[in-house]
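In this text, residue positions in the sequence shown follow my numbering: the first is 25, and each later residue adds one. Every residue, glycine too, gets a C-beta built ideally from N, C-alpha and C. Everything below concerns the one structure shown next.
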Amino acid sequence: MIESFKGVITKQENYRSIFSTATSEERNENFKSYWNFSQDHSGRLIESEKDLEKKRAKLRFFQEKPVRSRKPLANPELFYANYVHLKDDPKIFDKKTLLLTCIYKFARHEWVGISGAWDAIPSLAESKNITEKISRVHLAEEFCHVRFFHEMFRTFHLDEVKWVPLGPLMQKVYQLFPYVPEMLMAPPAFVTELMGITFYQHVDALLDEVFYDEPEAKTRIRELLHEIMVDELAHIGQRRNFIGSWGIRVAKLMVSPLYRLFYKDIPESSLLFDIDSMVHDGLSFDYNNVSQELLERSWIPSYCKLSSVDN
Ligand SMILES: [Fe+2]
Ligand SMILES: [Fe+2]
């Protein structure tokens, strides 16, 4: 299980479980609070480019001050042969290649999911209420994450990475998902966000070991990862806020099967991570082991804060 990750660690128990219940009044207030946060956090939506002003500026900052690893990967061809579909035995991979192909496969699912959803949900101008607006900006943030992932690969001289659609069945599943009624869609949508933050926490905890001989590149990868994590910390609270009291129980029951099913499709994951520990961390998630530096840049539902916390 992740004890902590980079930055100043929150020492006290300041937060409640992400599975804490909330009244519909609390949830309505939290949608307003989240919307205000996300407007300020990501800036203006550039609908035609699936981009956000402040996120774009951040990416430009990274691109204009590029960091590249001292050495390319030991065998870049191994990465290119296996990053989309695993063809070789991952047990022969060096740790850097293993982690980078695993990150790509995780991010690829996200990219396919958001690409299907973008065409299915209302644009910001067509949105009729605050939750539709939130969902639109949320998707644009996810597109920004794919750009940050792309920059991670470039940090390791992997300039030829392509974003490749999944097989026809999974492609269809992701395309149909946004049409499922909100009540049924909310628990699995929340669990996939929770799975994202759990994955990024576990990746963060591995960076020092895997990239020990690439200090500059490791720092850059962590900066890019933290850009994503700040959003994802906010997303889990936001998606949790869509769920009522019975739905949150359903979501909890979904954590273990969904995590395990998802990682089955990424064989690298079990060589890098303890999947049981990821499930445990998802079920026990409460923000208390997240660095203060990340929390201060993110958003937490009011009902997940103990009264002494006033951020
Ligand atoms: Fe994301
Ligand atoms: Fe997300």
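For this session: Give a yes or no on whether the C-beta atoms belonging to tyrosine 39 and tyrosine 311 are separated by under 8 angstroms.
Result: yes
For this session: Taking only heavy atoms of ligand 1 into account, decide whether any of them is closer than 7 angstroms to the Cβ of methionine 169.
Result: For clarity, residue 169 is histidine in the given sequence; the question names methionine instead. At least one heavy atom of ligand 1 is nearer than 7 angstroms to the Cβ of histidine 169, so yes.
Problem set entry | Closest residue to glycine 220 among Tyr283, Leu296 and Ser322 (Cα-Cα distance) | Tyr283
Problem set entry | Completely contained alpha helix (DSSP H) runs for the region 255-303, where each covers 4 or more residues | 269-288 and 292-296
Exercise. Taking just the CA atoms, how far does isoleucine 290 sit from phenylalanine 130?
Worked result: 8 angstroms
Exercise. Less than 8 angstroms separating the beta-carbons of alanine 241 and phenylalanine 235?
Worked result: yes
Exercise. Closer than 6 angstroms from C-beta to any heavy atom of ligand 2: which residues, in chain order?
Worked result: Glu166, Glu217, Gly220, Glu256 and His259
Exercise. With a Cβ-Cβ cutoff of 8 angstroms, do glutamate 71 and serine 147 count as a contact?
Worked result: yes
For this session: Could you tell me the boundaries of the alpha helix (DSSP H) in which alanine 98 lies?
Result: Neither: alanine 98 is in no alpha helix (DSSP H) and is coded neither H nor E.
For this session: Quick one: grab the DSSP three-state call for proline 325.
Result: coil
For this session: Assess, as a yes-or-no matter, whether the region 58-66 is touched by the region 246-263 under the definition of 3 or more beta carbon pairs within less than 8 angstroms.
Result: yes
Exercise. Is isoleucine 324 near glycine 271, with beta carbons less than 8 angstroms apart?
Worked result: no
Problem set entry | Cβ neighbour criterion (16 or more within 10 Å) applied to phenylalanine 85 | exposed
For this session: Please specify which runs of the alpha helix (DSSP H), each continuous and at least 4 residues long, are wholly inside the region 126-194, giving them in chain order.
Result: 154-179
Exercise. Should the region 207-217 be called in touch with the region 94-102, which here means at least 3 C-beta pairs below 8 angstroms?
Worked result: no
Problem set entry | Identity of the residues DSSP links to leucine 208 by a beta bridge | Answer is none; leucine 208 lacks a bridge partner.
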